[in-house]
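This report concerns only the one structure given below.
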Amino acid sequence: PLVYGNAIKDGAINSSAYKMTVQGNSNTLAELRDQIGNPITNPWIEKTNNGANKTIDKAWVLWSDESNLIKVDGNGLERASDGNLYIKFEVTKENIKSGNAVIAVRKSIQKFRDEERLQGRKKVTVRVYYTEYQTLWSWHLWFAPKDALKEIPVTNKQGTIYGFANEALG
């Protein structure tokens, strides 16, 4: 689903993914913000802030430390029967390996600027249209061996045993 982090959990809105649910201090961010600094108001990226991101037009692999780890066809987006937008990517059996990648989504913003140009000896103003792209969100995907999260016991100085993952993430 094209949502902020885990803002949909077990099919329900999980607003604690983008709004504080416990009292913090002055260094605590009370609510997460979107790409231009506005508070997130909806778990669905294209619906937050009254549809400010409704022009999402592409999902892509921003980077990967292994080639062909993730395959994205076309614009990488799919609208489901529920009307919501999803990222569509594939990890093939032939290409899966330990590694990590970041996938991202963007929207296009149509803009223009007026430029003065010479037409013969006369200065004229010409409106030049162009497209800006704004990255809205990204997801970091880790691909690790099956036992990577198998806990290993670590005992601290006080004798308390903690379970650590077999591998560090990232």
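Residue numbers for the sequence shown follow our numbering, so the first one is 4 and each next one is one higher. Think of the CB as a built atom: it goes at the ideal place given N, C-alpha and C, for glycine as much as any other residue.
Whole-angstrom distance between residue j and residue i, CA atom to CA atom
i, j, result
"Leu144", "Val94", "11 Å"
"Ala20", "Gly123", "59 Å"
"Ile164", "Gly54", "48 Å"
"Ser141", "Ala151", "23 Å"
"Lys50", "Val25", "25 Å"
"Leu65", "Ile16", "27 Å"
"Ala33", "Val129", "46 Å"
"Trp63", "Arg116", "28 Å"
"Glu119", "Lys125", "10 Å"
"Gly166", "Asp85", "40 Å"
"Thr158", "Ser29", "34 Å"
Residues of its chain near residue i, where Cβ-Cβ distance is below 7 Å and the 5 sequence neighbours each way are ignored
i, result
"Glu81", "Tyr89 and Lys91"
Nonlocal neighbours in the same chain, by C-beta distance under 8 Å from residue i, ignoring five residues either side
i, result
"Ile112", "Thr58, Thr134, Glu135, Tyr136 and Gln137"
Candidates the options: closest to residue i by CA position
i, options, result
"Thr11", "Gly27, Asp76, Leu65 and Asn87", "As written in the sequence, residue 11 is Ile, which differs from the Thr given in the question. Considering only alpha carbons, the answer is Asn87."
"Lys96", "Gly77, Val129, Asn78 and Ile73", "Ile73"
"Asn78", "Ser84, Lys149 and Asp60", "Asp60"
"Ala147", "Ile99, Thr44 and Leu35", "Ile99"
"Ile43", "Arg109, Ala171, Val6 and Leu121", "Val6"
First through last residue of the alpha helix (DSSP H) which encompasses residue i
i, result
"Thr51", "Thr51 to Gly54"
Terminal residues of the beta strand (DSSP E) in which residue i lies
i, result
"Phe115", "Gly102 to Gln122"
"Lys153", "Where Lys153 is concerned, there is no enclosing beta strand (DSSP E), given that its DSSP letter is neither H nor E."
"Val3", "Outside the shown range of the chain (4 to 173) lies residue 3, about which nothing can therefore be said."
Problem - Inter-stretch contact at 8 Å, needing at least 3 Cβ pairs: the region 62-77 / the region 97-104 - result: yes
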